[in-house]
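See structure below.
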Amino acid sequence: MPNSPVEAKSGMEEFHIWYKPNIPLGTARGMFPGRVAWGHNPKVASWDGTTGFWWEDQFNNQPETDRLLAQTLFSLTDIKQENKAWDALFRYFNKTKNNVDAGYKKGQKIAIKLNLNNTYSLESNNEINANPHLVLSLLKSLVNQAGVPQENITVTDPSRFITDNVYDKCHTAFPNVHYVDHNGGKGREKATFVENAIPYSIDNGKVCQGLASCIVEADYIINLALMKGHVSQGVTLCAKNYFGCTSIEDDWRKNAHSSGFSQNKDGSHKYLVFVDYLGHKDLGEKTMLFLIDGIYSNKFVDKVPAFKWKLAPFNGNWPNSLFASQDGVAIDAVVLDFILTEWPDAPDMMYSDYSVNESALADHPPSKTVYDPERDGTKLTSLGTSEHWNNAADKQYSRNLKTGKGIELVYKKVE
């Protein structure tokens with residue numbers, strides 16, 4: 001992206017570049033600190049944008065989706081065997097969080113948080129939601145490669161519906177996995193909630209404070225977010241995906257939000273709720289792997305995927321990408337750069353990096369907020385590193401350039 005100001009329209013607002021490249025903030029996390037793996041497989045999605053549903057088998061190549069996930073794990077860990085890559089991820093998490101050098105142990109629970117925000121019943125629809133083929137790839141990898149028993153895995157969006165396209169595909173292959181959504185029924189389990197599990201760092205009014213029991217009871221979380229825009233925040237990525245773990249209604253119109261859900265449009269700083277999600281002990285701090293599904297993506301929070309990408313290396317095709325990191329701030333920062341470049345005219349893009357910057361600097365944020373999402377008297381430290389790339393052509397961060405200790409973006413095309 002050029003560093004000189006450009007103009008576009010974001011709703012009724014003038015868009016201009018307000019940030020500078022390659023100024024890393026915070027403390028990078030991960031085996032390879034600040035690493036974000038970017039897998040790209042143009043063979044995955046072939047939907048023409050009009051025929052049938054984007055998620056149908058005829059438009060999505062399951063073996064190539066499996067390869068996309070595997071390659072992204074290889075790039076993240078520098079390990080070329082799937083089972084060993086998973087073991088390294090579990091061991092790093094356990095060593096970092098629990099000071100125990102141990103991999104996955106039988107009986108431990110894993111919750112996979114999907115983004116099914118645009119679901120309204122169990123019936124499948126054509127709006128942008130979790131990709132059924134990628135969810136199946138992840139389950140295949142966890143069960144067959146990582147050795148996690150089906151019954152110890154929960155696939156969930158506690159605030160929405162697990163639609164038939166996801167449930168039927170995954171349940172057929174893995175019938176003993178738990179599928180938990182807001183209302184349950186037809187094989188899905190109904191979500192329950194632990195009250196007052198997230199009191200937030202400040203008074204958030206009527207914003208729900210319960211957390212899904214399947215999330216609280218999990219030993220590990222995998223956050224599988226989507227690459228898309230979102231009105232009021234600019235984007236919805238990993239940090240925003242945690243909102244669906246709270247005790248909200250399945251009809252978004254009934255859910256309370258606070259001013260902390262959107263950045264100030266004048267560029268001034270304030271408390272942002274996504275820092276609390278990323279720093280909460282049962283949400284971001286329990287997440288062993290952050291994933292962002294960029295196979296289709298979308299400019300808007302809802303609607304049918306309708307925008308193939310101009311940005312190289314996509315060149316007029318679906319992005320067919322998967323991003324992975326152990327740093328929940330870095331992965332959101334990278335995917336934000338992609339969206340800012342491709343769709344600067346998407347709603348509310350101005351200052352949309354304020355959330356990742358607050359998270360990176362959670363111990364001394366620009367807003368001066370004292371972040372303590374459990375209100376137990378323990379202030380958050382840095383939750384990861386944020387940074388903007390040097391330009392849209394090279395897509396390099398400070399660790400790529402060897403100029404700083406921020407993000408490293410590792411790209412691999414699946415041949």
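Numbering (our numbering), first residue to last: 1 to 415.
Every residue, glycine too, gets a C-beta built ideally from N, C-alpha and C.
Simplified DSSP assignment, three categories, for residue i
i, result
"D353", "coil"
"A360", "helix"
"K60", "Here residue 60 turns out to be Asn, not Lys, going by the sequence shown. Strand."
"L73", "helix"
"H133", "helix"
"A88", "helix"
"I128", "coil"
"K308", "coil"
"T27", "coil"
"H171", "helix"
"P2", "Because P2 carries a pLDDT of 33, less than 50, the predicted location of this residue cannot be relied on, and the following value inherits that uncertainty. DSSP places P2 in coil when its eight states are reduced to three."
"D372", "coil"
"E123", "coil"
"G11", "Unreliable positioning characterises G11 in this predicted model, as indicated by a pLDDT of 42, which lies under 50. The coordinate reading is nonetheless provided below. Note: G11 maps to coil in three-state DSSP."
"K140", "helix"
"K412", "strand"
"S247", "coil"
"T385", "strand"
"R428", "Because the chain spans 1 through 415 in this model, residue 428 falls outside it and cannot be assessed."
"G185", "strand"
"N165", "helix"
"L116", "coil"
Buried versus exposed call for residue i [16 or more other C-beta atoms within 10 Å across all chains shown]
i, result
"P24", "buried"
"K310", "exposed"
"R375", "exposed"
"F59", "buried"
"Y120", "exposed"
"T378", "exposed"
"G203", "A quick correction: the sequence has Asp, not Gly, at residue 203. Counting Cβ neighbours within 10 Å, D203 comes out exposed, since fewer than 16 surround it."
"N223", "buried"
"K240", "buried"
"G107", "exposed"
"N131", "buried"
CB of residue i within 8 angstroms of CB of residue j, strictly
i, j, result
"I128", "K228", "yes"
"V235", "G294", "no"
"A88", "T77", "yes"
"E195", "G210", "yes"
"E64", "K43", "yes"
"H182", "D250", "yes"
"H230", "V329", "no"
"A360", "T385", "yes"
"F323", "L291", "yes"
"N115", "L226", "yes"
"N117", "R160", "yes"
"F93", "Y220", "yes"
"Y150", "W86", "Here residue 150 is Gln; the residue named in the question, Tyr, does not match the sequence. Contact: no."
"F243", "S213", "no"
"M349", "F90", "no"
"A45", "W343", "no"
"L142", "L278", "no"
"F261", "V275", "no"
"G267", "Y351", "yes"
"S367", "H269", "yes"
Rounded Cβ spacing between residue i and residue j (contact assumed at less than 8 angstroms)
i, j, result
"Y154", "K186", "Note on identity: in this sequence residue 154 is Thr, with Tyr being the wrong assignment. The Cβ separation is near 17 angstroms, so there is no contact."
"K113", "D157", "7 angstroms"
"N298", "F307", "7 angstroms"
"F174", "L139", "5 angstroms"
"N390", "P21", "5 angstroms"
"D345", "C238", "So it is not a contact: roughly 24 angstroms between Cβ atoms."
"A37", "T72", "5 angstroms"
Beta bridge counterpart(s) of residue i as assigned by DSSP
i, result
"S321", "H40 and G294"
"I221", "A111 and T287"
"F193", "A212"
"Y179", "V155"
"K228", "T236 and N298"
"A45", "N60"
"R399", "Paired residues: none, contrary to the question."
"R35", "E408"
Contact with chain C by residue i, beta-carbon distance below 8 angstroms
i, result
"G26", "Chain labels in this structure do not include chain C; a single protein chain is all it has."
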